[in-house]
Amino acid sequence: MSHHILEEEPNSPARKEMNPLLKFALELGPLMVFFFANSRGEQLAATFPILKEFGEPLFIATGLFMAAMAISLAVSWAITRSLPIMPLVTGAVVLVFGSLTLWLQDETFIKMKPTIVNGLFAAVLLGGLLFGKSLLGYVFDQAFKLDAEGWRKMTLRWGLFFIFLAVVNEVVWRNFSTDFWVAFKVWATMPITIIFMLTQIPLIKQHSTERLAGAEDTGR
Numbered sequence: 001m002s003h004h005i006l007e008e009e010p011n012s013p014a015r016k017e018m019n020p021l022l023k024f025a026l027e028l029g030p031l032m033v034f035f036f037a038n039s040r041g042e043q044l045a046a047t048f049p050i051l052k053e054f055g056e057p058l059f060i061a062t063g064l065f066m067a068a069m070a071i072s073l074a075v076s077w078a079i080t081r082s083l084p085i086m087p088l089v090t091g092a093v094v095l096v097f098g099s100l101t102l103w104l105q106d107e108t109f110i111k112m113k114p115t116i117v118n119g120l121f122a123a124v125l126l127g128g129l130l131f132g133k134s135l136l137g138y139v140f141d142q143a144f145k146l147d148a149e150g151w152r153k154m155t156l157r158w159g160l161f162f163i164f165l166a167v168v169n170e171v172v173w174r175n176f177s178t179d180f181w182v183a184f185k186v187w188a189t190m191p192i193t194i195i196f197m198l199t200q201i202p203l204i205k206q207h208s209t210e211r212l213a214g215a216e217d218t219g220r
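The sequence shown begins at 1 in full-length UniProt numbering and counts up by one.
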């Protein structure tokens, strides 16, 4: 039987499940490493002199962010023997823009990374809809199950939300300090995303396949 490197389609019998909390930790962990390393870069360099080779705290944070992303993908592979699509896209962009940041010692590249990642996610999700594919199911199908119409609506909403995040990142990094940008990236972007997710609860309840199955059983 052929083995797929990328994760299987949502609801596929061959798709290996991962604990939602672990999946969330693997996706959030590298971001927390980046924030911690940026705020404690000098102390880390004093404790681990090799980190001084990176330069300023932002560059130390960038190097550790790249390492954390690689570890996150490696853990996902070890558990499921497949690579999650969205983190894989993020990891590829982090590798390219992080390498440019460290090589040229120019913080502009790492600041542009969220814009590129969110823009790519928006393009993938909205582009998938043009071909009749609701790709958001690859990300959230382990958290909840929706019917086809529900996934289509969720994919559209998230595609537009990623465009919003890309625009916000451009506004922040171009008009505020690096420290403010890092703080906003960790402490504002995540709450905004959580609030957005909470606003999707009515749609999730409406299109939940478990709810629909329960309604059918009640009607028999």
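Don't be surprised by glycine CBs; every beta carbon is placed ideally from N, CA and C. All values derive from a computational prediction rather than experimental measurement.
Measure the alpha-carbon distance for G137 versus N175 and round it to whole angstroms.
35 angstroms
Excluding five sequence neighbours on each side, which residues of the same chain lie with their C-beta closer than 6 angstroms to the C-beta of M154?
L136
Which residues does DSSP list as the beta-bridge partners of S99?
None; S99 has no bridge partner.
Which same chain residues, not among the five before or five after M66, have their C-beta less than 7 angstroms away from its C-beta?
V94, L95, G98
What span of residues does the alpha helix (DSSP H) with L125 cover, start to end?
108 to 130
Per DSSP, the bridge partner or partners of S208:
L146
Closest to S24 by C-alpha separation, out of Q206, L203, I194, would be which residue?
The amino acid at residue 24 is misidentified as Ser; the sequence shows Phe. That would be I194, whose Cα lies nearest to the Cα of F24.
What residue range does the alpha helix (DSSP H) around F180 cover?
178 to 187
Within 10 Å of its beta-carbon, does L104 have 16 or more other beta-carbons around it, so buried, or fewer, so exposed?
exposed
Neighbourhood of S208 by C-beta, 6 angstroms cutoff - its chain only, sequence neighbours within 5 removed
none
Taking three-plus beta-carbon pairs below 8 angstroms as touching, is the region 177 to 196 in contact with the region 45 to 55?
no
Between E56 and the ligand GDP, is there a pair consisting of the residue's CB and a ligand heavy atom that are separated by less than 8 angstroms?
Absence of the ligand GDP from the depicted structure is noted, as is the absence of any ligand whatsoever, leaving it without description.
Rounded to whole angstroms, what's the CA-CA distance from E53 to P84? Just pull it up for me.
32 angstroms
Please report how far the alpha carbon of S177 lies from the alpha carbon of V171, in whole angstroms.
12 angstroms
Opening and closing residue of the alpha helix (DSSP H) in which Q200 lies:
Q200 -> no alpha helix (DSSP H), and no H or E assigned at all.
Within 10 angstroms of its Cβ, does W173 collect 16 or more other Cβ (buried), or is it exposed?
buried
P191 classed as buried or exposed, judged by whether at least 16 other C-beta atoms fall within 10 angstroms
exposed
Using 9 angstroms as the threshold, is the C-beta distance between A37 and I60 below it?
yes
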